[in-house]
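Asks: Take a look at this one; I'll ask things after.
Numbering (our numbering), first residue to last: 57 to 377.
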């Protein structure tokens, strides 16, 4: 008996509408944007900004974050694959020999938008906000960044909870006596779908994974799957604390009036968390091999973000952007 060590085997899909799969991951992304809109509405009303400008901001941020997150994953982590599958970069599909898209196009399956990178989302969001402030010239870029980081922090937590439901970005192997030891039955390395179906003779991945977890006949297969750190939860919980800190600093102190401070604090805290949680994650690939295995791709990408955060927190003179 172990305190909190557990098997994790969610299907990932909440329900289906025809060929569309409504996934927990996608719903959590939507929830992040909706909650972010309500938080920014409260801030805009407090600072007497028009709702027209908020609606425009919502469009700019959604498009830039989703596009940047996707392209960040493609170019930072998986370009070797996507350079041979260009259509999959911006379409929610993936090549699959045994599947049919819409019952018409053979060889592809609908996956929803998976494979998103926070570093890419951050870079693209800043570019999107710069473009937004070119349209609304009375809103300064740093003023806006200091406020947008509040919903961004809680949004980042939602995304990591989504990764947990997808059994992706799992942690390194850990002893099963560890109180948060998690056996990700659907881990793509420990038990890929094709292997689960071959071992159980089931016709679908979901049936195969359920058989491994619940059928005593496959208990040895279940025991062969290692326990891992739930690294997604580590990040999500830390991001919630970052959200609380930023929210309180905005509403309870005058730090929001120091241009760039809250933005810098967000960059520092979020990417310090990302840097250290990477030590508990299994490799996500990318360019880390070219730079040496001491640090992961995520850590290399986090280092400049941390220094940017320190700069904006410590800068002596205001920068008008």
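Cβ atoms here follow ideal geometry from the backbone N, Cα and C, with glycine treated the same way.
Classify residue 202: buried if its beta carbon has 16 or more other beta carbons within 10 angstroms, exposed otherwise.
Replies: Buried is the call here.
Asks: Please list, in chain order, all residues of the same chain as residue 287 whose beta carbon is under 7 Å from its beta carbon, the five residues on each side excluded.
Replies: 225, 226, 227, 333, 336, 337.
Asks: Taking 8 Å as the limit between beta carbons, can you name the residues of its chain near residue 283, skipping five residues before and five after?
Replies: 61, 229, 230, 231, 232, 234, 237, 238, 239, listed in sequence order.
Asks: First and last residue of the beta strand (DSSP E) that includes residue 64?
Replies: Its beta strand (DSSP E) spans residues 62-64.
Asks: So residue 203 is in the alpha helix (DSSP H); what residue range does that whole segment cover?
Replies: Residue 203 -> alpha helix (DSSP H) spans 197-221.
Asks: Can you tell me whether residue 119 is buried or exposed, with buried defined as 16 or more other CB within 10 angstroms of its CB?
Replies: Result: exposed.
Asks: Three-state secondary structure (DSSP) at residue 70?
Replies: Correct three-state label for residue 70: strand.
Asks: Tell me whether residue 119 sits in a helix, a strand or coil according to DSSP, three-state version.
Replies: Note: residue 119 maps to helix in three-state DSSP.
Asks: Could you tell me whether the stretch 244-257 touches the stretch 89-106, using the rule of 3 or more Cβ pairs below 8 Å?
Replies: Judged by Cβ distances under 8 Å, the stretch 244-257 makes no contact with the stretch 89-106, as fewer than three pairs qualify.
Asks: Would you mind stating whether residue 197 and residue 185 have Cβ atoms separated by less than 8 Å?
Replies: In contact: residue 197 and residue 185 (Cβ atoms closer than 8 Å).
Asks: Could you check what DSSP says for residue 230 in three-state terms: helix, strand or coil?
Replies: Three-state DSSP puts residue 230 in coil, outside helix and strand.
Asks: In the structure shown, what three-state DSSP assignment does residue 78 receive?
Replies: Strand, per DSSP.
Asks: Skipping 5 residues on each side, what residues in its chain have a beta carbon closer than 6 Å to that of residue 213?
Replies: For residue 213, where only same-chain residues beyond five positions count, the Cβ hits under 6 Å are 292, 295, 296.
Asks: Can you name, in chain order, every residue of its own chain whose Cβ lies under 7 Å from the Cβ of residue 318, other than the five neighbours on each side?
Replies: Taken in chain order, the residues that qualify are 202, 205, 302, 305, 306, 311, 312.
Asks: Per DSSP, residue 98 forms a beta bridge with which residues?
Replies: Its beta-bridge partners do not exist; DSSP assigns none.
Asks: By how many angstroms is the C-alpha of residue 289 removed from the C-alpha of residue 361?
Replies: Approximately 22 Å between the Cα atoms of the pair.
Asks: Using three-state DSSP, classify residue 238 as helix, strand or coil.
Replies: Three-state result, residue 238: strand.
Asks: In three-state terms, what does DSSP make of residue 266?
Replies: Of the three classes helix, strand and coil, the one that applies to residue 266 here is helix, per DSSP.
Asks: Report the CB separation of residue 137 from residue 173 in whole angstroms; it is logged as a contact under 8 Å.
Replies: Not confirmed; about 14 Å, so no contact.
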